[in-house]
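Chemist: Pasting in a structure now, in structure tokens, and then I'll have a few things to ask.
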Amino acid sequence: MAKVTGRIVVDTERCKGCAVCVPSCPFDVIALADEVNSKGFHYAYMKNPEACTGCTNCALVCPDAVIKVFRKKVTA
Amino acid sequence: MAKVTGRIVVDTERCKGCAVCVPSCPFDVIALADEVNSKGFHYAYMKNPEACTGCTNCALVCPDAVIKVFRKKVTA
Amino acid sequence: MAEQQITSEDIIQEENLVFDRTSLLTDNVFHYCPGCGHGVVHRVLMEIIEELDVQDKAIGIAPVGCSVLAYNYMDIDMQEAAHGRAPALATGIKRTMPDKYVFTYQGDGDLAAIGTAETIHACNRGENIAIIFINNGIYGMTGGQMAPTTLEKMKSSTTPYGRNIQQMGNPLKITELVAQLPGTCYVTRQVVHTPAGVRKTKRAIRNAFKYQQEERGLSFIEVVSNCNSGWKMSPNQANKWLEENMLPYYPTGDLKKPEDK
Amino acid sequence: MAEQQITSEDIIQEENLVFDRTSLLTDNVFHYCPGCGHGVVHRVLMEIIEELDVQDKAIGIAPVGCSVLAYNYMDIDMQEAAHGRAPALATGIKRTMPDKYVFTYQGDGDLAAIGTAETIHACNRGENIAIIFINNGIYGMTGGQMAPTTLEKMKSSTTPYGRNIQQMGNPLKITELVAQLPGTCYVTRQVVHTPAGVRKTKRAIRNAFKYQQEERGLSFIEVVSNCNSGWKMSPNQANKWLEENMLPYYPTGDLKKPEDK
Amino acid sequence: MSEEIIIAGFGGQGVLSMGKILCYAGIVQGKEVTWMPSYGPEMRGGTANVSVIISDERISSPIISEFDIAIILNQQSMDKFENSVKPGGYLIYDGNGITRHPERNDINIYRVDAAAEAARMETTKTFNMIVLGGLLKVKPIVEMEKAVEGLKKSLPERYHHLIPVNEKAIYRGTEIIQEVRKAKAEAS
Amino acid sequence: MSEEIIIAGFGGQGVLSMGKILCYAGIVQGKEVTWMPSYGPEMRGGTANVSVIISDERISSPIISEFDIAIILNQQSMDKFENSVKPGGYLIYDGNGITRHPERNDINIYRVDAAAEAARMETTKTFNMIVLGGLLKVKPIVEMEKAVEGLKKSLPERYHHLIPVNEKAIYRGTEIIQEVRKAKAEAS
Amino acid sequence: MGELKLMKGNEAIAEAAIREGADGYFGYPITPQSEVIEYFAAQQPEERTGMVLLQAESEIAAINMIYGAAGAGKKVMTSSSSPGISLKQEGLTYIAGAELPCLILNVVRGGPGLGTIQPSQSDYFQAVKGGGHGDYHLIVLAPSSVQEMYDFVETGFDLAFKYRNPTMILSDGAIGQMMEKVEIGEQKPRMTEQEIREKYPWATTGKTKDRERNVITSLELDSSKMEKFNRKLIDKYREIEEKEVRYEEIQVEDAEYLLIAYGTTSRICEKVVQLAREEGIKLGLLRPITLFPFPKKRLDELSGQVKGMLSVEMSAGQMVEDVRLAVNGKVQVEYYGRMGGIIPSAEEIVDALKQKFIGG
Amino acid sequence: MGELKLMKGNEAIAEAAIREGADGYFGYPITPQSEVIEYFAAQQPEERTGMVLLQAESEIAAINMIYGAAGAGKKVMTSSSSPGISLKQEGLTYIAGAELPCLILNVVRGGPGLGTIQPSQSDYFQAVKGGGHGDYHLIVLAPSSVQEMYDFVETGFDLAFKYRNPTMILSDGAIGQMMEKVEIGEQKPRMTEQEIREKYPWATTGKTKDRERNVITSLELDSSKMEKFNRKLIDKYREIEEKEVRYEEIQVEDAEYLLIAYGTTSRICEKVVQLAREEGIKLGLLRPITLFPFPKKRLDELSGQVKGMLSVEMSAGQMVEDVRLAVNGKVQVEYYGRMGGIIPSAEEIVDALKQKFIGG
Ligand SMILES: Cc1ncc(C[n+]2csc(CCOP(=O)(O)OP(=O)(O)O)c2C)c(N)n1
Ligand SMILES: Cc1ncc(C[n+]2csc(CCOP(=O)(O)OP(=O)(O)O)c2C)c(N)n1
Ligand code: SF4
Ligand code: SF4
Ligand code: SF4
Ligand code: SF4
Ligand code: SF4
Ligand code: SF4
Ligand SMILES: [Mg+2]
Ligand SMILES: [Mg+2]
């Protein structure tokens, strides 16, 4: 059976830590970092990368267009 | 049987001869005079005064408010 | 028979007077073209103010349009607005003097073109005023240019080959728009070229004053009227044209009416 | 299992890229507050222009409002309008360059307050343009004053005790109004705070461009969005509030849609 | 040579177009012209007038308050302009509706009952052409053929079928105009 | 006597209200004051600053480009204002987020780690009061009680229950401020 | 002494209007003056005094709302900043033409167009020459402190009603945003309708039997009547120019050079006078408080005393024209200014002065 | 020689625009200039040249429509009369701030307010000092004949595009309504998009790969950049003042007195010169054709030659200020004017001249 797995890449320097992506992820992949970027924002990161399916939900709602999404088919 | 009869008085100097009153009269009482007033308008007059019932239709539509209407009950 | 004996002199007596020019019209002769409906609406409006005995509480706003000089005829306190801004003036007056009867008197160019924002927002706020809107489908005063309400194919000095919907859009039913707004309490469309129409218009204006007294919100009375001069017709031709062309597009009747209190 | 062996490095490869920032967004960082919906709409709009490959035919009009600097982000030719006048600019541009895709991008203060007349008349004329209307229920840029669309009892810097309907009138559903006008071909209300909402908004904008190409008339796309800063909430709180309060009053969906050609 | 003319009457009498035809005729003859109407709100009724200057030289002021020729077509205009005719100048009027005839005797006065004549000819719209004809008879400021050419130029193509009847009216005007009084030479 | 002060940091750090409290305290002491903020579009984020002048005499220009005292609460502000402190003046800063510490040695430099302290006190909103306390310790431009009075005046009635915790913060500030470097007397 | 408060200029204006017994404020938000309406809103003037507060749909609506209310004899005001004031030009000339009293605040920002939201003085011409069409003048007051923002509400309304003429307070973003100590006056009562009827018999308060109807209009189709009206206006402006000129002088008595500056720049120029005098330059400052009427006579007098005048402005040089017109060539008049939201420093003005007049 | 036609000033403008290859006209009716749009409508410019004609919902919409189209490099114009021009002030300052070329016709009527529909020159200040906010100038052309109404469409567009600055034709009701003989030029082709792209690389014609995106804006939040932009504008205006001054002189060579008048009054003043010379008074006339730039230098020169200057205006005295500024006290400058729609007669001007300068 074909399955997909994904990853996101957040441009952490441009992320504003708005956290809008967090609840948008159906698989609870994203959280805000404790660290801040140079603008003082707690940027988003994958706290749970394996759960990512590459569904792009987070990227769709990201107001700053700082999320790239990758997706790969994996055959089980 | 009580019946009503009426008359109108047109302020001929202020009448603009627009003729809007003419078709408004259900009894064809009104016509425009051949003569003009000092403004050059063919003013309205009762060509057929006896037919007037004092219904006020003409006065209602007169754009220049120059028609007075009188009505009297007549017992047949 | 008895009737035969009655002479005009017998009838034309003060006690038989059933219709006279209201005293709230001044003696000035209307500057309007012969047959123009503005005069009728002026008269009816003043009749209502006289009947309600609120001359001392009525403030009218004249527009820029043929009725710009309305204040020469209406014997009440009046203000002359900038083109399209009458509802804003009325808002300023009514808000600071809530016990007055405030009305605007506006043409279709004034109200539905340049004054669109003021119209919509006064209606939306539900300003407790009356707007009397004379829709003659044209800019009368400036020489018969197209108005937002000019009918399709209708000629005007800026649409000499007829209004082209593709270019100029459809005739705007602003009355239908403001009827959508919760701020208007009473929205109606009337005519004044027939006796029945005049009676209904008068009733509508009376309603508007009543609702204003009851603080119901904004009453909006459209009167479809002729601009025989701009339409380049005789007054009676114009009224006929109005019935055959304007009324099918702008049908008369109440668009919105509040429950009686 | 096979999955276990897949590392992030395996996945994060050019060939697996399924979502990237469109190249029609410039590199400038949005000046918007964190979590503001303006950025999403900007992106979606640019994605459509990229997908349709009409960068060289698209002219956008920025409003006065938080998105006044939209031209810093959208890599297309743009003009910055006077407050409320974007539809007039768009009219001037589209009429003289009918083969371009012309759109305005406007806030609720811009479009539904000061720009009411321009909005209504561009819609009524059926200008062959798209209006993208961001309704965040407030004047964001100037510090959170009441907009025509501010909800009843909603607090703003000019209604610190909540919007009072008696005083300020009801929140204006301008989208419902323009849907009444024959000049609009497509009128819809969308959101961008959820993935599904973003997808639909994107579809709506694609439709608008399609209809423009087909010369159908004016497409009007309202996007109900948060102004978390003006509402004094965190972005996610604001989006929740939006769902619970804005959407019941401003329900999403198509108000008007033309037949497919 | 410069002629300063006022044409005044009711709106709708063709006052403005008469002025236009004169001007066009002047242009055809290589003259300078100005045509300056009174204007007001566009309601029907009321008076209309136009000042026309036809000159061999550049015209400085197009706004004039005294006239070489006054063409007067209703009583209001008579009241307003009779005294603005320069001594020795011309006043031409239509008697229809005139209740107070001109009284000056230091100007040349002519009468052309064009309204009545137009009614008789059943072409009320040519009223103004009859007046024009009368004018050109007593003061040939432009040549007659040039006036007809001016008429052509001032009419849109689609009305050109009306030219013959108008031309006829102009000639009729030359026939019916009547002298009322010649200017008495006064001590200057 | 006149003190020209800049307070600069992120929006939301209470920069403007710290300035207000200082001004109110000045007013209570019978001084003249001006408070001149930077302002921009109302988006969140970015820096905020306010120039405050407290003086015994009528204040002419409220716009100043050199300061007796700079209170600096983020790196951007450090970059912008370090060099605007008059020689011999005071620079007070919070070390949180500061990546490049002040380098001048012709001014008096103090550090007050108010952010950390506020976090420790679990009253992050009193951050600016801690800074204020620090300031008043090293430069008593207004009396401490007057500052508390100023605080009262600048808070709407409904927030008066917050006064004690703020007052505490002010005193805490006086305790934690630390001298970094004293101004070296330079050849003028 | 009244209560002392720390307020922004924009807030002081609003507080003053409430205390002055104003009847209404109608406005539309714009930076840098949105605090005016926000302060009003927070204060609930309806409850404090019955004063009406309304956020209009636009600046045009707002000016026409005050046009209406002013016609009814009400004490009303609006405020905006440059682009919004440009939109009000038609309304302003109508109000001037209808001879109505009202107060308009312009918290000027830099133009042209959308420009910048930072302070500027580049609306001087618009304010004093008339940005609207036709021959009319606003009375223009130029506050230079928050206290004057407060005080000029009273002055402005007084002048407006005295002359039945709109008064503008021409401020700028710096004065609007700045906080200073303000002495607050007593609450005055709003006028009753009866009082309005008596004091302003021209107002549209409703026609009673004992008077003719009142008409507020600026229309006159008869040219000779219109000209008569124009002359009446001119006479009024002359009278205002004779009686209502206000200005402040700082160290002018012995001045050899004179700065002319109003509002924010006059504050800077106070410091310039100080700096220049420290260097031994006998400098004085004339601060026009009324921009219309402009202190022409006083400047004319001073043209005999000083060797040069420098008009200091945050504009490309506007008031300098009025200074030149006042002195009519009798003394050298120069301009120094900054633009775009930049406020000149005292030091650069000293330099400019030296360069233009003293050499080097 | 081109075709000769008898036309109203308002018609000549419209015909000229079509023949000039204009791309669009957007306007709203108002007396005394409604013939402009009516003439266009009758001519069906869409069919003649493809020029767009649109009756806008308001003057504000109209000026913003031309703002948009001008940003796209199109040759567009609007027209109105005084109250409508007041409404356009915000739009005008935006256009000036965005540095766009376009043409605006003001057929002036008497104000303030609704005023009168008769001719006037009382919008001079508004036109030349800037009725909108901020430091900007329109280029202002003042035609005095129907021929010039025609000709200045070309001149106006040329200057507008040369300097990327809005040009105003400041006319009045008399010139708008008057008919004169006009020599009509050839029909010029409208520019193609390709030509626009080449000639006006700043225009928003759609971003192609070979250039950066074009942005039309007047906003600049950074004060130092804004000031730089303000200085750039000032430099442009200086250049215009140096290169583009236009005026006409009539019998100035030997004049002892000088009239200054533009537009309609300059026509009257030609006659005044004639009448005065008949009486032996050596009078000349300087007619400014450009009001901005104003013929300052020439007036300054003439201040050495003549004994007095009289500015004749249909206003309360506006241009006279520019005359005074030009001569800076070197010669006596007086004003004579009528208002309210009244056009002064040559005779009364002769009297005024004698009274003010010659005595009795
Ligand atoms: C700002 C402004 N724009 C335009 C005008 C010119 N104008 C006067 S009345 C009018 C239109 C009048 O039409 P309408 O409102 O329909 O009234 P009507 O004359 O038909 O009764 C116009 C455009 C003006 N006076 N002011
Ligand atoms: C003529 C004018 N009036 C007012 C303003 C001030 N102003 C700028 S943006 C704005 C409101 C913006 O609100 P909105 O359109 O809802 O956009 P948002 O910021 O919420 O996206 C206002 C009133 C202005 N710049 N110009
Ligand atoms: S939505 Fe975008 S900007 Fe916001 S936290 Fe997530 S990645 Fe960062
Ligand atoms: S792509 Fe989908 S699954 Fe992966 S982080 Fe984003 S929302 Fe979650
Ligand atoms: S309706 Fe009135 S004005 Fe018209 S003709 Fe009849 S009476 Fe005369
Ligand atoms: S009152 Fe009635 S019946 Fe008599 S004339 Fe008038 S309409 Fe006819
Ligand atoms: S022009 Fe039209 S609206 Fe005006 S008075 Fe004449 S008929 Fe009535
Ligand atoms: S103020 Fe509101 S609309 Fe503006 S950027 Fe911030 S959140 Fe968005
Ligand atoms: Mg109409
Ligand atoms: Mg908004």
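Protein chains in written order, with the numbering used here: chain A, 1 to 76; chain B, 77 to 152; chain C, 153 to 413; chain D, 414 to 674; chain E, 675 to 862; chain F, 863 to 1050; chain G, 1051 to 1410; chain H, 1411 to 1770. Note that CB positions come from ideal geometry on N, CA and C, so glycine has one too.
Using the Cβ count rule (16 or more neighbours within 10 Å means buried), how would you classify C:Gly-259?
Modeler: Looking up residue 259 of chain C in the third sequence gives position 107. It is buried - the Cβ of C:Gly-259 has at least 16 other Cβ atoms within 10 Å.
Chemist: Consider the Cβ of E:Tyr-698: report whether some Cβ of chain H lies at a distance smaller than 8 angstroms.
Modeler: For the purposes of this step, residue 698 of chain E is taken as residue 24 along the fifth sequence, with counting starting at 1. E:Tyr-698 counts as touching chain H.
Chemist: Going by beta-carbon coordinates alone, are H:Gly-1747 and H:Ser-1725 separated by less than 8 angstroms?
Modeler: One-based indexing of the eighth sequence puts residue 1747 of chain H at position 337. One-based indexing of the eighth sequence puts residue 1725 of chain H at position 315. Their beta carbons are under 8 angstroms apart, which means H:Gly-1747 touches H:Ser-1725 by this criterion.
Chemist: Going by DSSP, what residue range makes up the beta strand (DSSP E) through G:Glu-1397?
Modeler: Counted from its first residue, the seventh sequence places residue 1397 of chain G at position 347. Not the beta strand (DSSP E): G:Glu-1397 falls in the alpha helix (DSSP H), residues 1396–1403.
Chemist: Once DSSP output is grouped into helix, strand and coil, what is the label at C:Met-398?
Modeler: Translated into the one-based positions of the third sequence, residue 398 of chain C becomes position 246. Helix, per DSSP.
Chemist: Under 8 angstroms between C-beta atoms, does D:Leu-655 make it to chain F?
Modeler: The count along the fourth sequence starts at 1 and reaches residue 655 of chain D at position 242. Judged by the 8 angstroms Cβ criterion, D:Leu-655 is not in contact with chain F.
Chemist: Taking only three categories from DSSP, how would you classify E:Trp-709?
Modeler: Counted from its first residue, the fifth sequence places residue 709 of chain E at position 35. It is a strand residue.
Chemist: If you compare alpha carbons, which of C:His-194, C:Thr-159 and C:Val-206 is closest to G:Gly-1256?
Modeler: Translated into the one-based positions of the seventh sequence, residue 1256 of chain G becomes position 206. It is C:Val-206.
Chemist: For H:Ala-1426, I'd like the list of residues in its chain whose CB is within less than 6 angstroms of its CB, leaving aside the five on either flank, ordered along the chain.
Modeler: Taking the first residue of the eighth sequence as position 1, residue 1426 of chain H is located at position 16. So the list reads Tyr-1560 and Val-1563, once near-sequence residues are dropped.
Chemist: Measure from the C-beta of G:Tyr-1452 to each C-beta in chain H and report whether the shortest distance is under 8 angstroms.
Modeler: Here chain G comprises residues numbered 1051 to 1410, so residue 1452 of chain G is not present and cannot be evaluated.
Chemist: To the nearest angstrom, report how far apart A:Val-9 and A:Cys-55 are at their CA atoms.
Modeler: As a working mapping, residue 9 of chain A is identified with position 9 in the first sequence. As a working mapping, residue 55 of chain A is identified with position 55 in the first sequence. The straight-line gap from Cα to Cα measures roughly 13 angstroms.
Chemist: Under 8 angstroms, do E:Trp-709 and E:Val-689 count as touching if we go by C-beta distance?
Modeler: Looking up residue 709 of chain E in the fifth sequence gives position 35. Looking up residue 689 of chain E in the fifth sequence gives position 15. No, Cβ-Cβ distance for E:Trp-709 and E:Val-689 is not below 8 angstroms.
Chemist: With DSSP collapsed to three states, give me the class of G:Tyr-1307.
Modeler: Counted from its first residue, the seventh sequence places residue 1307 of chain G at position 257. Of the three classes helix, strand and coil, the one that applies to G:Tyr-1307 here is strand, per DSSP.
Chemist: Just mark H:Lys-1653 as buried or exposed, buried being the case when its beta carbon has 16 or more other beta carbons within 10 Å.
Modeler: Sequence index remark: in the eighth sequence, residue 1653 of chain H carries index 243 (1-based). By the 10 Å Cβ count, H:Lys-1653 comes out exposed.
Chemist: Looking at chain D, is there any beta carbon in it that lies within less than 8 angstroms of the beta carbon of C:Glu-203?
Modeler: The residue labelled residue 203 of chain C in the question sits at position 51 within the third sequence. Judged by the 8 angstroms Cβ criterion, C:Glu-203 is not in contact with chain D.
Chemist: So, at 7 angstroms on beta carbons, what are the nonlocal neighbours of F:Glu-1041 in its own chain, with the 5 sequence-adjacent residues on each side left out?
Modeler: Numbered from 1 along the sixth sequence, position 179 holds the residue referred to as residue 1041 of chain F. So the qualifying residues of the chain are Tyr-972.
Chemist: Mind pulling the chain D residues with CB within less than 7 angstroms of C:Asn-322?
Modeler: Counting from 1 along the third sequence, the entry for residue 322 of chain C is found at position 170. The answer, in chain order, is Asn-537, Pro-595 and Gly-596.
Chemist: Just the Cα atoms here: how many angstroms apart are H:Val-1716 and E:Val-816?
Modeler: The residue given as residue 1716 of chain H occupies position 306 in the eighth sequence. The residue given as residue 816 of chain E occupies position 142 in the fifth sequence. If you take the alpha carbons of H:Val-1716 and E:Val-816, they lie about 43 angstroms apart.
Chemist: With G:Leu-1336 as the anchor, note down where its beta strand (DSSP E) starts and where it stops.
Modeler: Here the question's residue 1336 of chain G lines up with position 286 in the seventh sequence. Looking at the DSSP string, the run of the beta strand (DSSP E) that includes G:Leu-1336 is 1333–1338.
Chemist: Please give the ranges of any alpha helix (DSSP H) in the stretch 940–1006 of chain F, keeping only runs that are unbroken, at least 4 residues long and fully inside the region.
Modeler: Listed in chain order, they are 976–983 and 989–1000.
Chemist: Kindly indicate if chain C contains any beta-carbon less than 8 angstroms away from that of G:Asn-1215.
Modeler: Position 165 of the seventh sequence holds residue 1215 of chain G. With 8 angstroms as the cut-off, G:Asn-1215 does not count as an interface residue toward chain C.
Chemist: Mark H:Phe-1702 as exposed unless 16 or more other C-beta atoms lie within 10 angstroms of its C-beta, in which case mark it buried.
Modeler: As a position in the eighth sequence, residue 1702 of chain H is number 292, starting the count at 1. Classification of H:Phe-1702: buried, given that the 10 Å Cβ count is 16 or more.
Chemist: First and last residue of the alpha helix (DSSP H) that includes H:Phe-1571?
Modeler: Counting from 1 along the eighth sequence, the entry for residue 1571 of chain H is found at position 161. First-last of the alpha helix (DSSP H) with H:Phe-1571: 1556–1573.
Chemist: Whose CA, out of H:Glu-1649, H:Ser-1721 and H:Val-1760, lies closest to the CA of H:Glu-1689?
Modeler: Taking the eighth sequence and counting its residues from 1, the one referred to as residue 1689 of chain H is at position 279. Nearest option by C-alpha distance: H:Val-1760.
Chemist: Comparing alpha-carbon positions, which option in G:Gly-1180, G:Gln-1139 and G:Gly-1163 lies nearest H:Gly-1727?
Modeler: Along the eighth sequence, one-based indexing puts residue 1727 of chain H at 317. Of the listed residues, the one whose Cα sits closest to H:Gly-1727 is G:Gly-1180.
Chemist: Whose Cβ in chain C lies nearer than 7 angstroms to the Cβ of E:Gly-688?
Modeler: As a first step, residue 688 of chain E is located in the fifth sequence; it is residue number 14 there, counting from the start. Simply none; closest approach about 16 angstroms.
Chemist: If you check the beta carbons only, do H:Val-1743 and H:Val-1730 fall under 8 angstroms apart?
Modeler: Taking the eighth sequence and counting its residues from 1, the one referred to as residue 1743 of chain H is at position 333. Taking the eighth sequence and counting its residues from 1, the one referred to as residue 1730 of chain H is at position 320. Yes, Cβ-Cβ distance for H:Val-1743 and H:Val-1730 is below 8 angstroms.
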